[in-house]
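Let me begin by presenting the structure, written as structure tokens, before commenting on it.
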Amino acid sequence: MSELSTVAELSMRDCFVDTTTALLAEKPRTALVLADISASLFASAAERHPDRVLNVGIREQLMVGVAGGLALTGLRPIVHSYAPFLVERAYEQIKLDLDHQAASAVLVGIGGSFDRAESGRTHFSPADVALFDTLGDWTVHVPGHPGEVSGLLRATVAADTSAYLRLSILQNDRAYAGAGDLVVVRDAGPGAALLVAVGPMLDAALAAVADLPVTVAYTHRPRPFDVAGLRALAGTEVILVEPYLAGTSARVVSAALADRPHRLLTLGVGREELRRYGSAEDHLRWHGLDPAGLRRALTGFLTPAAVAG
Amino acid sequence: MSSLATITTQVAEAAAPLDGRHPVTPLDGRHPVAPLLERVRAGRDFGPNVYSTLDVLWVLYDRILRVTPATVDEPDRDRFLLSKGHAVAGYYAVLAAKGFIPPDWLDDQGGPGSLLGDHPDRTLVPGVEIGSGSLGHGLGLAVGSALGLRAQGLLDPRVYVLLGDAELDEGSNHEAIAYAGAVGLSNLTAVVVDNSSATYGWPGGVATRFTVNGWTAATVDGHDQDALHAALTGHHGHRPHVVVAVVNNGEQA
């Protein structure tokens with residue numbers, strides 16, 4: 001826990017840079033592939049490991065293709081850019097140059113879903129986790145605090161399977177240790193509705209439930225989703241609060257609870273293009289992901305519907 | 001450039017006893033690849049693209065690549081990446097001729113129980129370095145492979161990747177060409193089979209796309225095996241190398 005508490009001043013991106021720099025020094029199989037984004041932050045690492053810190057310029061297709069080739073020779077590539085360029089622009093390279101080759105990599109995206117709100121749609125990435133759901137067995141981590149980043153990055157790099165780390169400037173007040181199984185943060189007792197908050201959505205969710213009879217569980221690992229934990233905690237009402245496209249995890253939760261009558265509310269980023277700038281906090285509010293918006297949705301969901309007629 | 005020489009050689013081969021040697025070209029029925037190719041073909045019509053790559057593939061596997069069926073997993077093997085994954089018929093026939101796959105596999109190519117698809121899958125076929133089929137992926141993977149070998153101090157093995165001139169339409173190739181040239185990726189050789197099949201062509205020639213980015217280049221007759229051999233071993237040690245293998249119009253790359 002000491003590591004979790006000492007990095008509170010650093011951003012998730014800072015923690016990623018520090019840990020990757022350390023991994024490059026500690027593990028000779030580690031390689032880093034960049035497409036200019038964050039290259040200046042890795043300048044010293046590139047000086048020390050010129051053969052394993054590879055900046056290909058603004059070439060995201062090549063960035064992922066190179067990662068595939070590195071993995072085929074036995075290296076363990078970490079690939080990094082803004083989430084939309086890493087995941088959406090290079091989607092076919094992820095599908096073919098990694099998965100189809102049976103090669104694996106750790107992809108680290110920043111900016112999700114709308115950290116750079118003033119930059120507009122081109123820099124938004126609400127669909128990234130949904131895209132990984134179209135592929136095979138990707139582990140997806142959505143840390144909710146900078147203190148979670150280092151441990152997750154070290155674990156995924158050591159695991160030798162493919163993983164996506166989705167970093168953001170949005171964060172909770174505190175970090176939660178663990179591999180990503182559901183952690184009960186607020187227990188409302190037997191029969192209460194279960195709210196699962198993913199990554200940086202936790203604090204807003206806790207504020208939203210306030211005096212409502214809702215148990216709140218947290219995870220920073222939506223894939224693979226903690227199905228056993230969900231089944232242990234879920235009653236008949238389940239609420240998902242995710243910082244990417246609303247409903248992304250609906251399929252997983254529905255499958256996990258297929259043998260039980262249940263109601264599911266999925267909250268997240270909407271599909272409509274707002275064409276607005278402002279701040280990430282503004283976008284949270286516009287998508288109903290601030291405490292007030294979440295509470296409105298929760299109250300509507302939990303209030304017994306008026307019987308028509 | 002030496003098509004006349006090729007023809008002369010073929011005539012001489014046809015006229016003279018073989019003395020235990022193979023005919024020069026896999027297109028000759030007495031060449032060990034020819035009957036294997038017929039097994040893949042199984043009475044079907046092959047497009048000209050199958051024949052356009054045969055000489056290149058044979059020269060690579062017969063005279064250049066330091067890889068055998070026993071060394072397909074050795075870290076210091078040469079790599080051959082078939083980027084234009086539709087050129088599989090000759091590829092499979094050459095792999096069978098060199099013992100990487102049993103010739104029996106050729107008989108039901110593309111069938112429901114076959115491991116040999118119309119595009120190759122590296123997880124299914126011994127000796128196949130990449131799965132390909134969607135154009136524009138092999139060169140990026142080759143750049144990564146060359147970088148990975150270099151980062152591990154494996155300075156002897158070389159990475160060869162085969163593309164077509166129409167495949168160069170895909171922009172991903174140009175990301176790789178520019179970067180490999182800029183960083184002097186000297187353990188990489190690209191082979192572009194050029195039969196002028198790109199819809200808008202490459203005015204000024206295919207090789208210029210590479211040389212302007214710092215590659216060395218050789219453009220040769222794609223059916224002249226000695227010229228191909230010279231070009232495929234003509235790298236200099238400081239820069240990536242491209243061999244443009246020109247074949248007849250009408251053979252689709």
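Residue numbers (UniProt numbering), protein chains in the order written: chain F, 1 to 309; chain B, 1 to 253.
By construction, the Cβ of each residue, glycine as well, lies at the ideal position given by its N, Cα and C atoms.
Closer than 9 Å at the beta carbon, the chain F residues around residue i
i, result
"B/Arg-122", "Leu-72, His-100, Gln-101 and Ala-102"
Interface partners of residue i on chain F, CB under 7 Å
i, result
"residue 255 of chain B", "Only positions 1 to 253 of chain B appear in the structure, and residue 255 of chain B is not among them; the question remains open."
"B/Tyr-200", "By Cβ distance, chain F contributes nothing, its closest Cβ being about 21 Å from B/Tyr-200, past 7 Å."
Any C-beta of chain B under 8 Å from that of residue i
i, result
"F/Leu-135", "no"
"residue 339 of chain F", "Beyond the ends of chain F as shown, which are 1 and 309, falls residue 339 of chain F; an answer cannot be given."
"F/Asp-181", "no"
Neighbour list for residue i in chain C, Cβ cutoff strictly below 7 Å
i, result
"F/Asp-97", "Although the question refers to chain C, the structure presented lacks it and instead comprises the protein chains F and B."
Close beta carbons around residue i, own chain, < 7 Å, minus the five adjacent residues each side
i, result
"F/His-123", "Tyr-82, Pro-84, Gly-111 and Arg-116"
"F/Ser-11", "Pro-146 and Ile-169"
"F/Lys-95", "Leu-135"
"F/Val-142", "Arg-166, Val-198, Gly-199, His-220, Pro-222 and Pro-243"
"B/Val-143", "Ala-176, Tyr-179, Ala-180, Leu-185 and Leu-188"
Euclidean distance between Cα positions of residue i and residue j
i, j, result
"B/Leu-154", "B/Ala-176", "21 Å"
"F/Ala-292", "F/Leu-302", "15 Å"
"residue 272 of chain B", "B/Gly-148", "This structure cannot speak to residue 272 of chain B, because chain B is shown only from 1 to 253."
"F/Glu-215", "F/Ile-239", "A small correction: the amino acid at residue 215 of chain F is Thr; Glu does not occupy that position in the sequence shown. The alpha-carbon atoms of F/Thr-215 and F/Ile-239 are separated by roughly 10 Å."
"F/Asp-203", "F/Asn-172", "5 Å"
"B/Val-72", "B/Asp-121", "15 Å"
"F/Ser-119", "F/Glu-273", "13 Å"
"F/Leu-233", "F/Gly-65", "41 Å"
"B/Arg-44", "F/Ala-179", "54 Å"
"B/His-236", "B/Tyr-160", "15 Å"
"B/Thr-123", "B/Val-243", "28 Å"
"B/Val-206", "B/Ala-245", "10 Å"
"F/Gly-189", "F/Ala-210", "15 Å"
"B/Asp-78", "F/Ser-40", "34 Å"
"F/Leu-54", "F/Arg-48", "12 Å"
"F/Ala-22", "F/Ser-44", "11 Å"
"F/Leu-62", "B/Gly-171", "10 Å"
"F/Ser-38", "B/Ser-83", "31 Å"
"B/Arg-41", "F/His-283", "59 Å"
"B/Ala-16", "F/Thr-161", "Because B/Ala-16 sits at a pLDDT of 48, beneath the cut-off of 50, its placement in the model cannot be relied upon, and the following sentence gives the value as read from the coordinates. B/Ala-16 and F/Thr-161: Cα-Cα distance of roughly 57 Å."
"F/Ala-163", "F/Val-129", "11 Å"
"B/Ala-5", "B/Asn-248", "The pLDDT assigned to B/Ala-5 is 45, lower than 50, so where the model puts this residue is not dependable; a value taken from the coordinates is nonetheless given after this. Each residue's alpha carbon lies about 16 Å from the other."
"F/Ala-31", "F/Leu-24", "7 Å"
Short CB-CB distance (under 8 Å) between residue i and chain F
i, result
"B/Leu-144", "A small fix is needed here, since residue 144 of chain B is Gly in this sequence, not Leu. Yes, its Cβ sits closer than 8 Å to a Cβ of chain F."
"B/Pro-126", "no"
"B/Ala-176", "yes"
"B/Gly-237", "no"
"B/Ser-172", "yes"
"B/Tyr-91", "no"
"B/Gln-109", "no"
"B/Gly-131", "yes"
"B/Tyr-160", "no"
"B/Tyr-179", "yes"
Contact set for residue i: own chain, Cβ-Cβ below 8 Å, skip 5 residues either direction
i, result
"B/Arg-209", "Leu-168, His-174, Ile-177 and Trp-202"
"F/Ile-58", "Ala-35 and Asp-36"
"B/Pro-69", "Lys-98, Gly-99, Phe-100, Pro-126 and Gly-127"
"B/Ala-89", "Leu-37, Val-40, Arg-41, Phe-46, Val-50 and Gln-109"
Contacts that residue i makes with chain B (C-beta to C-beta distance below 7 Å)
i, result
"F/Glu-67", "Before going further, note that residue 67 of chain F is Ala rather than Glu in the sequence given. By Cβ distance, chain B contributes Gly-144."
"F/Glu-92", "Ser-134"
Contact set for residue i: own chain, Cβ-Cβ below 6 Å, skip 5 residues either direction
i, result
"F/Val-227", "Ala-256"
"B/Thr-8", "Low local confidence applies: a pLDDT of 43 at B/Thr-8 is under 50, so the model's placement there is unreliable, with the coordinate-based value given in what follows. Within the same chain, B/Thr-8 has no close Cβ partners at all."
"B/Asn-213", "Ile-177, Ala-178 and Gly-181"
Contacts that residue i makes with chain F (C-beta to C-beta distance below 8 Å)
i, result
"B/Pro-75", "Thr-73 and Gly-74"
For the stretch 22 to 33 of chain F, list every residue whose C-beta sits within 9 Å of some C-beta in chain B, in sequence order. From the stretch 22 to 33 of chain F, only Pro-28, Arg-29, Ala-31 and Val-33 have a Cβ closer than 9 Å to chain B.
For the stretch 38 to 66 of chain F, list every residue whose C-beta sits within 7 Å of some C-beta in chain B, in sequence order. Going along the stretch 38 to 66 of chain F in chain order, one finds Asp-51, Arg-52, Leu-54, Val-56, Gly-57, Arg-59, Gln-61, Leu-62, Gly-65 and Val-66 with a Cβ nearer than 7 Å to chain B.
Below 9 Å between beta carbons is the criterion; list the residues of the stretch 209 to 241 of chain B that meet it against any residue of chain F, in chain order. So nothing in the stretch comes that close.
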